[in-house]
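One structure is given below, encoded as structure tokens.
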Ligand code: PRP
Ligand code: URA
């Protein structure tokens, strides 16, 4: 699919299978999501630009590669986005963080916003929007719209599982925003859940059901 990267690394796929298992505990689910987020973060940042800086090794001066440009922004769609966020911050500790509070109305499946806070100079930075699930894509579309309204022009969307329907809707709404995901599942069911999926990511992370 155009604009979509599936991270089919064996470690990612193995950990994802354990997360899908309904018998995996809340603690196990959270730990695996954090571990996978490190591997996904590695993929989604693969094309970051580099510049050089002059350093001295114990032997000689050299021009050493270093990240170019302003610090990244990770934008977490609450709640479940925070499960990806923590591991990503382990890998890129200097990243700035935006929080987009959204929940899906269970009847309409529309995204309802309850919180938004982002760095002021977000327009000059690469923004990686994170949420484990891309189902109808209502949440992802709304979050990206909100961040674009703040002036951001360089964005990526990172998730764990995507439904084909969600990918289609998201790429239509935001064709300029590449998607990175660990898997593309079969379909949505009549309640808007990803099948086979892993259930409700937020509930499984926090043990709320
Ligand atoms: C889940 C998930 C996404 C959204 C995906 O969040 O974390 O944000 O649903 O569904 P969509 O693509 O159809 O919008 P939920 O609304 O359950 O909130 P939570 O993270 O607080 O549990
Ligand atoms: N949100 C989830 O957490 N899981 C799904 O399968 C769909 C939306």
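In the numbering used here, the protein residues as written are 9 to 217.
For glycine and all other residues, C-beta sits at the position ideal for the given N, C-alpha and C.
Alpha carbons only, please: which of the options is nearest the one belonging to residue i?
i: residue 124; options: 109, 11, 14, 213; result: 109
i: residue 131; options: 117, 163, 147; result: 163
i: residue 112; options: 187, 104, 88, 22; result: 88
i: residue 114; options: 103, 104, 144; result: 144
i: residue 173; options: 191, 189, 142; result: 142
i: residue 22; options: 191, 200, 215; result: 191
i: residue 99; options: 149, 43, 154; result: 43
i: residue 182; options: 167, 29, 24, 148; result: 148
i: residue 29; options: 175, 168, 217, 207; result: 207
i: residue 45; options: 129, 72, 200, 93; result: 93
i: residue 184; options: 71, 41, 156; result: 156
Report, in whole angstroms, the separation of the C-beta atoms of residue i and residue j, which I expect to be a contact under 8 Å.
i: residue 127; j: residue 106; result: 6 Å
i: residue 15; j: residue 48; result: 6 Å
i: residue 186; j: residue 13; result: 7 Å
i: residue 91; j: residue 213; result: 5 Å
i: residue 151; j: residue 85; result: 5 Å
i: residue 203; j: residue 166; result: Rounded, the Cβ-Cβ distance is 21 Å, inconsistent with contact.
i: residue 53; j: residue 61; result: That belief does not hold up - the Cβ atoms of residue 53 and residue 61 are roughly 19 Å apart, past 8 Å.
i: residue 158; j: residue 133; result: Between residue 133 and residue 158 the Cβ distance is about 11 Å, and since that is not below 8 Å, they are no contact.
Drop a sphere of 10 angstroms on the beta-carbon of residue i, count the other beta-carbons inside from all chains shown, and report buried for 16 or more, exposed for fewer.
i: residue 95; result: buried
i: residue 120; result: exposed
i: residue 27; result: buried
i: residue 68; result: exposed
i: residue 83; result: buried
i: residue 146; result: buried
i: residue 205; result: buried
i: residue 19; result: exposed
i: residue 210; result: buried
i: residue 179; result: buried
i: residue 63; result: exposed
i: residue 189; result: buried
i: residue 25; result: exposed
i: residue 102; result: exposed
i: residue 171; result: buried
i: residue 33; result: exposed
For a test of the three-state rule: what should DSSP assign to residue i, helix, strand or coil?
i: residue 100; result: coil
i: residue 201; result: coil
i: residue 187; result: strand
i: residue 173; result: helix
i: residue 9; result: coil
i: residue 77; result: coil
i: residue 180; result: helix
i: residue 194; result: coil
i: residue 162; result: strand
i: residue 215; result: coil
i: residue 85; result: strand
i: residue 20; result: helix
i: residue 54; result: coil
i: residue 34; result: helix
i: residue 148; result: helix
i: residue 131; result: helix
i: residue 115; result: coil
The segment 192-200 / the segment 74-81 touching (three or more Cβ pairs under 8 Å) = Inter-segment contact for the segment 192-200 and the segment 74-81 is absent: fewer than three beta-carbon pairs are separated by less than 8 Å.
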